[in-house]
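*Asks:* Last residue of the sequence shown: number 317 in the numbering used here, and the count goes up by one each step with no gaps.
Yeah, the Cβ is synthetic: ideal placement off N, Cα and C, and Gly gets one too.
These figures come from a predicted structure and were not determined experimentally.
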Amino acid sequence: MEEEEFKKRVDKFFDIIYKEATDCGGLVSGEHGIGSGKVKYLLDSVGETNMAIMEGIKRVFDPKMILNPGKVCYRL
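(1) When you compare the region 259-267 with the region 279-287, are there three or more beta-carbon pairs, one atom per stretch, that lie closer than 8 angstroms?
(2) When you compare only the Cα positions, how much space is there between residue 312 and residue 250?
(3) Which residues bound the alpha helix (DSSP H) around residue 337?
(4) Under three-state DSSP, which class holds residue 278?
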């Protein structure tokens with residue numbers, strides 16, 4: 242299998258498994274954080290309200306959004 246095809250299959254697998262977890266009330270993240278590979282699933286997992294809360298907390302400690310650029314709260 243070509244690398245590109247493998248990546249497509251892996252992405253499809255994660256789409257399915259994270260949707261199933263979310264539908265069952267689970268989260269895509271545990272106590273260690275989300276990780277860059279799961280960011281696209283975070284909104285479906287925690288909802289818009291929790292995303293807004295996370296962004297608000299981030300802005301309390303980093304009002305100019307200059308720390309840890311390109312991470313979760315920059316994609317909200």
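*Replies:* On the basis of the coordinates in this document:
(1) yes
(2) 25 angstroms
(3) Because the chain here runs from 242 to 317, residue 337 falls outside it and cannot be looked at.
(4) helix
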